[in-house]
Amino acid sequence: MNISIQKFVRDKEPQRYIREYEIPDNSTLLSALQHIKAIDDPTLTFGAGCRSGICGACSVRVNGREELACSYMPKHGDHIEPLKYHGIKRDLMVDKSRAKQTLKTSTAWLHQSQKATITTKDEKLTELQSDCILCSSCYSACPVFAVNPDFLGPFALTRIYRYTADPREGDIKSSIDAIQSDGVWDCTLCGECTAVCPQGIDPKMDITMLRGTSSQYGYMDPNFGNMNFGFDPNAGF
Ligand code: SF4
Ligand code: SF4
Ligand code: FES
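Each number in our numbering comes from the position in the sequence shown (counting from 1) with 1 added on.
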């Protein structure tokens, strides 16, 4: 069967073009890419590590949808592209440093450790979020980056939620303060991040929870004041 791959090279002038390749049946996309590199096109460049869905290095887009190449079984006619909103180094290999910078900007860590008893229920609350493999698939799928490249994005906000829900965090306010600008209120709650996550994490739900916590700390949706209700909400109903 055949698949097509978007190639991108910067040798002299940056050049983007699509090339078709024949691949063996019944192999993962990552094995197919390795086959192409060995047999057909030694220049083909892509990310890979664990080959088992753990390291997050092999994420690409297949027919416009984010997939881990080591888990995806290709079909005839599939079109493979690099992740969106990442600088392309070459072919399918992207620079993920900007996406990972969102963890730093959002201060996605424990701010002030306090003594606390962790129950099994507490563990369950953040177990899934702790499984993020930083594959950047949700970042690539998020439409907000098309209009706001400074958006903190799904995996950073999910990580922030993980710490605000941790009983050992003694300073939830610092986390909440850090995600007000280009953060929780910029999300459209479209759910694309949740749909593509290979780990089954639900950043949309985590962001909804963070909005609730933000309200508890006195924040509100900055767009709320600009909304047109068709009536004066303060008119004494
Ligand atoms: S739910 Fe929010 S964070 Fe997730 S993809 Fe949509 S806009 Fe982006
Ligand atoms: S939340 Fe899911 S899609 Fe996003 S980086 Fe983590 S594992 Fe990947
Ligand atoms: S190679 Fe590690 S997740 Fe695919």
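For each residue, glycine too, the CB sits at the ideal point set by N, CA and C.
Beta-ladder partner(s) of residue 8, from DSSP: Counting from one through the sequence shown, the residue named residue 8 turns up at place 7. Within the DSSP bridge table, the entry for residue 8 names 18 as partners.
Does at least one heavy atom of ligand 3 sit under 7 angstroms from the Cβ of residue 62? Position 61 of the sequence shown, counted from the first residue, corresponds to residue 62. Result no, Cβ not under 7 angstroms from ligand 3.
Residue 130 versus residue 91 - alpha carbon distance: Translated into the one-based positions of the sequence shown, residue 130 becomes position 129. Translated into the one-based positions of the sequence shown, residue 91 becomes position 90. If you take the alpha carbons of residue 130 and residue 91, they lie about 31 angstroms apart.
In the segment 48–116, which residue ranges form an unbroken beta strand (DSSP E) of at least 3 residues, counting only runs that do not cross its ends? 60–63, 66–69, 80–82, 88–91, 94–96
At which residues does the alpha helix (DSSP H) containing residue 300 begin and terminate? Residue 300 is absent from the structure shown; the chain starts at 2 and stops at 238.
Rounding to the nearest angstrom, what Cα-Cα distance links residue 238 and residue 140 in this structure? Walking along the sequence shown from the start, residue 238 turns up at place 237. Walking along the sequence shown from the start, residue 140 turns up at place 139. Residue placement at residue 238 is flagged as unreliable, the pLDDT there being 49, under the threshold of 50; a coordinate-derived value is accordingly withheld.
Endpoints, the alpha helix (DSSP H) within which residue 163 is located: Position 162 of the sequence shown, counted from the start, is the residue given in the question as residue 163. Run containing residue 163: 155–165, per the alpha helix (DSSP H) assignment.
What span of residues does the alpha helix (DSSP H) with residue 148 cover, start to end? On the sequence shown, residue 148 is found 147 positions in, with the first residue counted as 1. Looking at the DSSP string, residue 148 is not in any alpha helix (DSSP H), and its letter there is neither H nor E.
Nearest to residue 225 (by Cα), restricted to the options 207, 187, 179, 208: Counted from its first residue, the sequence shown places residue 225 at position 224. Of the candidates 207, 187, 179, 208, 187 places its Cα closest to the Cα of residue 225.
What are the start and end residues of the alpha helix (DSSP H) that includes residue 139? Along the sequence shown, one-based indexing puts residue 139 at 138. Unbroken alpha helix (DSSP H) run through residue 139: 138–142.
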